[in-house]
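**Q** This is the structure, below, for whatever I ask next.
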Amino acid sequence: MEWSHEPYNGQPVDAFTQPPPGAWDIPSKTPTFFAEGKQQIKVPYTSSVKACHNCLGIGHKPCKDCTGAGNKVCWVCNGCGYRHGNEQCHHCSGRGRENCSHCQGRGLKSCDVCHGKQQLLVFIKLTVKWTNNTDAHVVEQSSGLHVDNLSEVSGKTLFRDSQFMVCPVLGFPDSAIMQASQRLVSEHQGKYSQTSRILQQRQTIELIPVTKVTYLWKEQTHIYFVYGNEFKVHTDDYPATCCCSVM
Numbered sequence: 001m002e003w004s005h006e007p008y009n010g011q012p013v014d015a016f017t018q019p020p021p022g023a024w025d026i027p028s029k030t031p032t033f034f035a036e037g038k039q040q041i042k043v044p045y046t047s048s049v050k051a052c053h054n055c056l057g058i059g060h061k062p063c064k065d066c067t068g069a070g071n072k073v074c075w076v077c078n079g080c081g082y083r084h085g086n087e088q089c090h091h092c093s094g095r096g097r098e099n100c101s102h103c104q105g106r107g108l109k110s111c112d113v114c115h116g117k118q119q120l121l122v123f124i125k126l127t128v129k130w131t132n133n134t135d136a137h138v139v140e141q142s143s144g145l146h147v148d149n150l151s152e153v154s155g156k157t158l159f160r161d162s163q164f165m166v167c168p169v170l171g172f173p174d175s176a177i178m179q180a181s182q183r184l185v186s187e188h189q190g191k192y193s194q195t196s197r198i199l200q201q202r203q204t205i206e207l208i209p210v211t212k213v214t215y216l217w218k219e220q221t222h223i224y225f226v227y228g229n230e231f232k233v234h235t236d237d238y239p240a241t242c243c244c245s246v247m
């Protein structure tokens, strides 16, 4: 939560009528599960009115472009009023100065903060963020493909569970998967339950196919990998500069 303000246009003023609610007691519109988003809410019973601090309640400030004069030196004649000897400057009609286009010659501009309203509505703003906090574990595999590459692809879904608080996986054939599930569930509850509110959790186990290909090129051995349902290709030592196509 933080203090914020906006131009006052007759909005309700409710400060000091009763104590404001706590952050977790303020209702918000929750998006669909696992969809990220943000909502900004005025905290009830914190709104009050004060004079604008930027213009001191006047509603306008001197124009910065002409320093409040309302006019500037003519850019055509450079302030002398004439062009080419005794020829009068047609741009400024011989005055040597022209009206400031930024303030239309008034020398004043509407305050950027209160938009000329002279007053501000001051209130506490609550920003609610819905974020997906994701952790992953890859079971050790001996293909040699970098683990980072696997986050770019999908595989065959072997298990999926979605509920308010998921439980560690039990009875899975690979004990390493069960240990990783236990660790990730425990870590999530420890990291996020203290500073945020968990709305829904989802746990997924995927089997990602990885094919390692060994081939000869100019009497030298090279390898590449085909992986994921998308059949992505990766190699660290491709021997030529042209592209590689796998059909």
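The numbers in the working numbering rise by one with no breaks, and the one at position 235 of the sequence shown is 235. Here a beta-carbon is modelled for each residue, glycine too, at the ideal position from N, C-alpha and C.
Considering residue 180, what are the terminal residues of the alpha helix (DSSP H) in which it resides?
**A** 175-192
**Q** Sort 10, 153, 139 by Cα distance to residue 174 and report the nearest one.
**A** 139
**Q** Hey, could you find the ends of the alpha helix (DSSP H) residue 148 is sitting in?
**A** 147-150
**Q** Taking residue 207 as the reference, give the member of 34, 13, 52, 154 with the closest Cα.
**A** Closest option to residue 207, Cα to Cα, is 154.
**Q** Quick one, are the C-beta atoms of residue 63 and residue 102 less than 8 Å apart?
**A** In contact: residue 63 and residue 102 (Cβ atoms closer than 8 Å).
**Q** Helix, strand or coil for residue 25 per DSSP?
**A** helix
**Q** So, helix, strand or coil for residue 201, using DSSP?
**A** strand
**Q** Out of 120, 100, 150, which one is the CA nearest neighbour of residue 51?
**A** 120
**Q** Give every residue of the same chain whose Cβ lies closer than 7 Å to the Cβ of residue 132, excluding the five residues on either side of it in the sequence, and list them in chain order.
**A** 34, 36
**Q** So residue 45 packs on residue 17, CB below 8 Å; how close in whole Å?
**A** With a Cβ gap of about 6 Å, residue 45 and residue 17 count as contacting.
**Q** Enumerate in chain order the residues of its own chain whose CB-to-CB distance from residue 202 is below 6 Å, with the five nearest sequence positions on each side excluded.
**A** 162
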